[in-house]
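Comments concern the structure below.
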Amino acid sequence: MVTGLLPGELFAGYRIVRRLGAGGMGTVYVGEHPRLPRLDAIKILDPALAADPEFRARFQREAELAARIDHPNVVAVRDRGVEGESVWISMQYVDGRDAAALLREHGPVRPERAVRIVAEAARGLDVVHRAGLLHRDVKPANILLAADTDGETVRITDFGIARPAESGTALTRTGTILASLAYAAPEQFEGGATDHRADVYSLGCTLFELLTGAVPFAGRSPAAMMAAHLGAAPPRPSAADPRLPAALDDVIARAMAKQPGDRYASCGELAEAAGRAVAEDLPAPAPPHGVPVAGRRVDATAAQGVSRTPDGNPGTARYLDTVASSAMAPATGEHPGIGGTARGLTGAAGSVPRVPAVAGGYGAHSEPRGSVPPGANAGVPQYRPAYQGNHSGHAPAESARRAGHSGRGPLIAVGAAVVVALSVVVTLLVLRNGANNTNHIAAPTTSVLPTSDEPTSAAPTTERPTTATTAPPRASAAWGPVAYIIDAFPDLLPLSPESTGYQGLRCDASQSDASRLHCPSDSGFSVNVFCDPNRTPQTYVDDPGLTDVHEERWTRDSGSGTVRWATDNTAGFGLLSVAFDDPARNFCVVTASGGSGGSDVQANWWAQAPI
């Protein structure tokens with residue numbers, strides 16, 4: 001059994017040149033072909049996995065599946081075999097680097113180049129999908145970039161976890177999900193069937209990282225990141241860098257939609273939409289004699305350059321000469337960003353920043369760069385009641401849908417600790433009726449939010465209410481069934497869906513129901529308000545998953561109640577819960593989560609919260 005190869009050693013006829021790296025299933029080496037004057041990449045299955053018949057079968061089928069693909073944007077599989085007890089395949093060697101290395105070295109990529117990389121990757125992925133295969137691990141590290149006579153060539157690689165789209169679960173019966181955590185679609189956490197739209201989601205995550213320099217939902221523990229993929233609103237690229245076209249926010253939102261049916265139908269369709277968003281924001285090229293023309297934009301059709309490419313993919317965005325000079329910037333042409341790293345969040349995976357560590361911009365700009373603007377970390381995971389056990393209520397529609405799956409498994413790289421942490425995320429808060437009986441708040445399975453012709457806008461505030469008798473403003477009718485929650489906390493929550501509340505809170509009605517309002521904030525803390533529509537008094541209950549627990553009575557001008565703050569003993573984030581004595585609010589519990597522990601939430605959220 002091969003455990004490691006050194007330069008000059010022979011393996012399956014190949015003379016090893018060097019080790020390229022290791023992945024989830026094996027180690028990759030560069031080797032000289034035994035008969036042809038070329039270098040190949042040789043991937044050898046990890047010895048421990050090779051002893052497992054299931055993994056061995058998966059690995060041997062990899063060559064059969066990937067060998068169906070012959071496309072310039074897909075790394076070709078050349079050969080396969082068994083050497084002793086070692087299983088291997090050889091692939092086309094690409095002399096370049098991957099997009100993850102590009103991000104590490106230079107930070108965010110210019111939008112034009114980011115979209116071009118994604119468009120070329122999309123061409124390869126759509127060919128893979130048309131062949132009936134899935135990739136299931138789309139990320140920057142699996143997008144190879146190499147210079148050639150035509151500029152920069154982009155190739156998708158690492159189909160070690162690809163499988164036929166029509167196949168059963170013979171090779172995945174354990175329910176283990178092998179995609180990388182930061183790019184995994186919600187359905188990949190559920191153990192159910194996945195299709196090509198999971199790759200669309202992952203490509204959307206990849207585009208977000210290329211544009212901003214950080215993965216979606218950065219700065220979270222593994223469990224919190226999983227929860228964010230399942231429930232938090234997709235992050236907005238323009239929040240991380242206000243100079244990015246706002247239209248890209250809509251592109252990312254659709255690509256990362258929770259429901260597969262709400263996403264783009266193909267990777268090419270995603271690339272086409274991203275191309276339009278960037279093209280509409282590009283300045284026009286200079287006229288032939290170099291005379292600048294103010295106030296012009298490149299024609300969207302010309303800049304986008306969409307054409308039916310030789311592979312028959314109508315959804316691939318390709319740039320024409322009008323933007324080629326910027327889109328085809330040299331691989332070394334990026335500029336490192338300027339700006340600091342945000343305060344850390346310590347979780348199960350170690351100390352990681354709450355907001356993207358790469359705060360700098362892309363390319364050369366005249367304006368200076370500062371730190372990451374507020375909102376770059378919007379969408380810290382939500383915490384919802386556990387709708388199970390003895391109760392007469394109904395689960396929200398989304399919870400009911402997700403509860404319908406069985407045989408779920410964790411990501412293989414995260415391990416058992418994250419499974420425990422995820423169960424904490426899903427069951428973290430249970431609301432209790434009085435002191436004795438647990439009361440899970442009933443909620444309708446569907447909610448229709450009426451529209452408002454003139455929604456009221458309210459500026460955010462961090463001021464405490466000065467009197468408990470002042471009549472609060474009424475919430476906008478656009479809030480629909482959750483308007484009564486807004487009315488109970490008018491100084492904390494935004495009065496309309498378009499406005500913001502305390503610390504930049506933006507509440508997402510689409511991720512809420514009649515008994516819960518989910519509100520990520522610019523500060524990085526995520527707020528959830530759980531209320532009983534029948535006005536039954538509620539409070540929080542003890543939770544064995546918390547550590548360093550503090551609880552005390554509180555009294556303010558607005559009223560009184562109890563507050564508890566603690567730290568999740570697996571993931572490391574803080575959770576603060578507030579209960580109320582007064583009848584105007586005692587049917588609600590407010591929670592705030594995130595940060596580096598309970599004391600962080602208490603000091604930086606609760607201390608000035610307008611409650």
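For the sequence shown, UniProt numbering begins at 1 and goes up steadily by one.
Glycine included, every Cβ here is placed at the ideal spot set by N, Cα and C.
Helix, strand or coil, according to DSSP, for residue i in the structure here?
| i | result |
| --- | --- |
| L203 | helix |
| H71 | coil |
| V482 | helix |
| M91 | strand |
| G31 | strand |
| R243 | coil |
| Q538 | strand |
| C267 | helix |
| G21 | strand |
| G261 | helix |
| residue 638 | Residue 638 falls outside the range modelled here, since the chain spans only 1 to 611, and no answer is possible. |
| S499 | coil |
| E190 | coil |
| A214 | coil |
| R78 | strand |
| D40 | strand |
| D126 | helix |
| I156 | strand |
| A147 | strand |
| D600 | helix |
| V115 | helix |
| V589 | strand |
| G290 | Low per-residue confidence applies at G290: pLDDT is 40, beneath 50, and the placement is therefore not dependable, though the value from the model is reported in the following sentence. It is coil, neither helix nor strand. |
| G275 | helix |
| L493 | coil |
| L49 | helix |
| L5 | coil |
| I441 | Only weak support exists for where I441 lies, its pLDDT of 32 falling under 50; the value from the coordinates is given anyway. Three-state result, I441: coil. |
Going by C-alpha to C-alpha distance, which of the options sits closest to residue i?
| i | options | result |
| --- | --- | --- |
| F580 | V563, P140, P242 | V563 |
| A114 | A99, R19, C588 | A99 |
| Y201 | C531, G213, A184, T547 | A184 |
| S593 | D241, L5, A609, T567 | T567 |
| P610 | G597, V590, G595 | V590 |
| H129 | C531, A265, A12, A274 | A265 |
| A63 | V82, V541, L49, P53 | V82 |
| S577 | C588, P583, A584 | C588 |
| R220 | L181, W479, P242 | L181 |
| G595 | G561, R556, F525, P533 | F525 |
| L125 | T153, T157, A101 | T157 |
| L39 | D46, T555, R535, Y93 | Y93 |
| N534 | D542, Y484, T555, M25 | Y484 |
| A67 | A50, R506, A131, R56 | A131 |
| R80 | P53, L103, A41 | A41 |
| R35 | G501, A76, Y14, D52 | Y14 |
| E187 | A227, V28, W606, A76 | A227 |
| G480 | S558, G501, Q538, C507 | C507 |
| L45 | V17, L207, D262, G4 | G4 |
| A223 | A122, F573, F11, P544 | F573 |
| A514 | L505, S499, S523, D532 | D532 |
| S496 | Q503, P242, D262, I486 | I486 |
| N586 | F530, L230, G275 | F530 |
| W565 | G559, L103, E552 | E552 |
| P242 | T206, A121, D543, P111 | P111 |
| S523 | Q608, V482, A271, Y540 | Q608 |
| H71 | S90, T153, L6, I89 | T153 |
Name the DSSP bridge partner or partners of residue i?
| i | result |
| --- | --- |
| F580 | G561 |
| F11 | Y14 |
| P520 | S526 |
| H550 | W565 |
| D249 | For D249, which the question treats as bridged, DSSP gives no partner whatsoever. |
| D487 | Partner(s): none; D487 has no beta bridge. |
| K139 | BP columns for K139 are empty, so no partner. |
| A83 | Residue identity differs from the one stated: residue 83 is Glu in this sequence, not Ala. Bridge partners of E83: S86. |
| R556 | G559 |
| R61 | In the DSSP output, where bridge partners are listed per residue, R61 has none listed. |
| R97 | L145 |
| D508 | H518 |
Under the assumption that residue i contacts residue j (Cβ atoms under 8 Å), give the Cβ distance between them as a whole number of angstroms.
| i | j | result |
| --- | --- | --- |
| A214 | A240 | 7 Å |
| L248 | P234 | Incorrect: roughly 11 Å between the Cβ atoms, too far for contact. |
| A50 | V74 | No, A50 and V74 are not in contact; Cβ-Cβ is about 25 Å, not under 8 Å. |
| A122 | G268 | 5 Å |
So with Cβ pairs under 9 Å, would you call residue i a contact of chain B?
| i | result |
| --- | --- |
| D250 | Reference to chain B is not applicable here, since this structure consists of a single protein chain. |
Just to confirm, does residue i get its C-beta within under 8 Å of one of the non-hydrogen atoms of the ligand ATP?
| i | result |
| --- | --- |
| S180 | The ligand ATP is absent from the structure shown, which contains no ligand whatsoever. |
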